[in-house]
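The numbering of the sequence shown is my numbering, which starts it at 7 and goes up by one.
What follows is a short report on a single structure.
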Amino acid sequence: MEGAGWATILAILQVPDLDKDKFIVEALTQGCYLLLYAYILQQLPMSRDINDELESVGHLVFWTTKAKPKLVTVQQFKFLFSVIIDKFILNFL
Numbered sequence: 007m008e009g010a011g012w013a014t015i016l017a018i019l020q021v022p023d024l025d026k027d028k029f030i031v032e033a034l035t036q037g038c039y040l041l042l043y044a045y046i047l048q049q050l051p052m053s054r055d056i057n058d059e060l061e062s063v064g065h066l067v068f069w070t071t072k073a074k075p076k077l078v079t080v081q082q083f084k085f086l087f088s089v090i091i092d093k094f095i096l097n098f099l
């Protein structure tokens with residue numbers, strides 16, 4: 007799922023000095039779904055075990071329930087949702 011372009015983005019992505027939860031809420035509020043997608047792609051490789059991955063998937067599911075994508079951000083939202091499908095459904099079935 008991660009292409010060459012995403013590798014570059016993930017290497018330089020830094021969460022601002024905001025609290026992580028405030029960062030997530032602001033990204034959701036602003037409809038920055040590609041930012042959330044990049045953030046979760048950056049976090050998943052740091053998972054130590056299956057429980058960490060499940061926690062990340064739980065965050066993704068929560069985010070998708072709180073998201074209110076507009077027509078212009080629907081494609082970005084699909085990227086975010088694809089992580090749920092890839093990590094949860096394909097890896098655990």
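Glycine included, every Cβ here is placed at the ideal spot set by N, Cα and C.
Here the structure is a predicted model, which means the values were calculated and not measured.
Contact check, residue i vs residue j, beta carbons under 7 Å
i: L47; j: A73; result: no
i: F85; j: T70; result: no
i: Q81; j: L40; result: no
Cα-Cα separation between residue i and residue j, rounded to whole angstroms
i: V63; j: I90; result: 6 Å
i: M7; j: K76; result: Low per-residue confidence applies at M7: pLDDT is 46, beneath 50, and the placement is therefore not dependable enough to give any value.
i: L60; j: D92; result: 12 Å
i: C38; j: V67; result: 16 Å
i: I56; j: L42; result: 21 Å
Pick from the options that is closest to residue i, judged by C-alpha positions
i: A13; options: G37, E61, A44; result: A44
Inset, instruction - Report yes or no: do three or more beta-carbon pairs, one from the region 48–62 and one from the region 25–33, lie closer than 8 Å? - result: no
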